[in-house]
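Asker:
Structure (structure tokens):
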């Protein structure tokens with residue numbers, strides 16, 4: 173299985189990532205699922221719901237963050253037969269609508285590709301080691317994992333197929 177995990181400040185090209193996969197994928201690949209996440213313009217802070225986000229700032233702990241993402245990918249590969257996984261997560265200061273995360277999964281079958289892509293994204297939200305700060309007109313605040321994100325991750329633990 174090919175695995176590529178990147179934590180970087182630079183933007184990425186979804187098209188380039190897909191083309192690179194097509195060049196390296198084995199003939200047994202029958203499905204590719206991907207997800208590209210964007211920075212939301214509406215804030216998530218409890219003290220300022222709906223506040224317009226001016227920037228989102230992400231910090232990480234080099235080495236530890238990549239290992240936490242690797243653990244998530246390993247868990248996915250234990251659940252589904254995967255051929256290829258790419259996870260790119262950006263750090264630094266990002267503006268609303270900027271790309272923040274990319275997950276691409278290839279497998280023999282679409283159900284495995286879709287499920288693994290969703291699983292990886294759900295756990296990136298709850299288990300990957302990042303610190304996120306929203307800067308709004310009302311001030312700065314650190315973003316916490318939401319109850320909804322925790323529930324989605326918990327659903328994978330309690331069901332074989334997940335949410």
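In my numbering, the protein residues as written are 173 to 335. Note that beta-carbon positions come from the ideal geometry of N, C-alpha and C, so glycine has one too.
Distance, Cα to Cα, residue 178 vs residue 238?
Answerer: Working through the chain shown from its first residue, we reach residue 178 at position 6. Working through the chain shown from its first residue, we reach residue 238 at position 66. Roughly 7 Å between the two C-alpha positions.
Asker: Please state the DSSP three-state secondary structure of residue 201.
Answerer: Counting from one through the chain shown, the residue named residue 201 turns up at place 29. The answer is coil: DSSP assigns residue 201 none of H, G, I, E or B.
Asker: With H, G and I counted as helix, E and B as strand and the rest as coil, what does DSSP make of residue 328?
Answerer: To locate residue 328, count along the chain shown from 1; it is residue 156. Of the three classes helix, strand and coil, the one that applies to residue 328 here is helix, per DSSP.
Asker: Do residue 225 and residue 307 count as a contact pair if the criterion is CB distance below 9 Å?
Answerer: As a position in the chain shown, residue 307 is number 135, starting the count at 1. As a position in the chain shown, residue 225 is number 53, starting the count at 1. Closer than 9 Å, so yes.
Asker: Would you say residue 285 and residue 204 are within 9 Å of each other, going by their C-beta atoms?
Answerer: As a position in the chain shown, residue 285 is number 113, starting the count at 1. As a position in the chain shown, residue 204 is number 32, starting the count at 1. Closer than 9 Å, so yes.
Asker: When you compare the stretch 275-284 with the stretch 253-261, are there three or more beta-carbon pairs, one atom per stretch, that lie closer than 8 Å?
Answerer: Contact between the stretch 275-284 and the stretch 253-261 is present, because at least three Cβ pairs lie under 8 Å.
Asker: Just to confirm my understanding: we take residue 189, look at its own chain, exclude 5 residues before and 5 after, and list those with CB closer than 8 Å. What are they?
Answerer: Within the chain shown, the letter at position 17 stands for residue 189. The residues are 206, 258, 260, 274 and 276.
Asker: Helix or strand or just coil, what does DSSP make of residue 317?
Answerer: Along the chain shown, one-based indexing puts residue 317 at 145. Looking at residue 317 - three-state DSSP - the assignment turns out to be coil, as it is neither helix nor strand.
Asker: Taking just the CA atoms, how far does residue 266 sit from residue 309?
Answerer: Along the chain shown, read from residue 1 onward, the residue named residue 309 stands at position 137. Along the chain shown, read from residue 1 onward, the residue named residue 266 stands at position 94. So the alpha carbons of these two residues sit roughly 16 Å apart.
Asker: Excluding the 5 residues preceding and the 5 following residue 247 in the sequence, name in chain order all residues of the same chain whose CB lies nearer than 6 Å to its CB.
Answerer: Position 75 of the chain shown, counted from the start, is the residue given in the question as residue 247. Excluding sequence neighbours, residue 247 sits near nothing in its chain.
Asker: Assign residue 182 to one of two classes, buried (16 or more other C-beta atoms within 10 Å of its C-beta) or exposed (fewer than that).
Answerer: By one-based count along the chain shown, residue 182 stands at place 10. Flag for residue 182 reads exposed.
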